[in-house]
Structure formats: C-alpha cells, structure tokens
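Student: Under the numbering used here, think of the first position of the sequence shown as 4, with each following residue one higher.
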Amino acid sequence: KTHALRPESDRWRPPKQGFFKINSDAAFNVKENKTYSGIIVRNFKGNILASKTMVHDNIPSGFAAEATACLQAVTVGRDLGMKSVKIEGDSLTFQHARRIANESAHCLASEGLKIGKNEYLVYGTAGQDITEVYTENKFQ
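(1) Among N32, R14, K117 and L83, which residue has its Cα nearest to the Cα of K55?
(2) Between E91, A108 and A30, which lies nearest to M57 when the distance is taken from Cα to Cα?
(3) Skipping 5 residues on each side, what residues in its chain have a beta carbon closer than 8 Å to that of N36?
(4) For the pair the stretch 65 to 82 and the stretch 106 to 121, tell me if three or more CB-CB distances fall below 8 Å.
(5) Out of L52, E114 and D13, which one is the CA nearest neighbour of F22?
(6) Can you check DSSP and say which residues form a bridge with N105?
(7) Taking 8 Å as the threshold (C-beta atoms), are G41 and D28 in contact?
(8) Give the DSSP-derived three-state secondary structure of G65 in the structure shown.
(9) Under 8 Å, do I25 and I90 count as touching if we go by C-beta distance?
(10) With distances taken from CA atoms, which of E69, E122 and V79 is nearest S87?
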C-alpha cells in the first residue's frame, strides 16, 4: 500500500528565510510525444528569481514527464548555486523510504563514490557487499 503525502496547503507559501523554493510542473502531449516543463524559482519574500520552460521529446508517460520536470528543478537550483532549496510540485508518485529499507541502493551509491565511475549492470550488482545487503533485506 502506498501512502501519498497530503499537500501542505492549497496556496503557494514562501520558504523560510535563507531558503529558496523551486516549483516544477509538466504538461504531457501524447499526440506530439512531447513534454513541456515549467520551473519557477522564488526566494523567502516570494520574489521570482528565475523561471524556465523546456521542451522534451520522447517522454513516454505522465509519470516520466513529472520526473523530468523535477530533475530540471534540481538542475536549475544547482546551476544557480543554491544550497538551501525546497523543491515543490504537484506529483504524488514519489515515496520516501527509511535508510534501512533503502540500504541496497545506499550501498550502491557508496560504492560509486569509492570507484568514481558509472556502472550499469542488468541482473547484477557492482560488488559482493551489495549482494549480501540485498539478500539479507530482500523480504524483511
């Protein structure tokens, strides 16, 4: 069973002082097989600091469109050098997992940090440690 988070409010609220808020959304056009992302960056006073629209080709679904818009929001924040950012959108398909429940992915991220390169394996993992964590936690 998936638990969706309830929105904090029906109105946009500014972030706390010292933070920025980046809102993202996506429009998905099935006929054209295109997605359009909208990104807007505001400060704690609600002032618009930046905005961006992007066209994306070959996005297969509404879920992928929302994920692409969220990625664009993160990218804009990074490009602007923002450190204290709250990303906000209207998609409720993201689910938080506690570290212990996400340990296999955490081990992979740590392994990537050690080896310093990209790896993509189908039906496998990057190392024995990760396989052991996966096996131990598979159905717990």
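Ideal Cβ positions, reconstructed from N, Cα and C, are used throughout, including at glycine. It should be emphasised that the depicted structure is a prediction, and the values quoted were computed from it without experimental measurement.
Tutor: Reading it off the structure:
(1) Nearest to K55 by C-alpha distance, out of N32, R14, K117 and L83, is L83.
(2) Of E91, A108 and A30, the residue nearest in Cα terms is A30.
(3) The answer, listed in chain order, is D60, N61 and I62.
(4) With contact defined as three or more Cβ pairs closer than 8 Å, the stretch 65 to 82 and the stretch 106 to 121 are not in contact.
(5) Considering only alpha carbons, the answer is L52.
(6) DSSP lists no partner for N105.
(7) Yes.
(8) If DSSP states are grouped into helix, strand and coil, G65 belongs with the helices.
(9) Yes. Within cutoff.
(10) Ranking E69, E122 and V79 by Cα distance to S87 puts V79 first.
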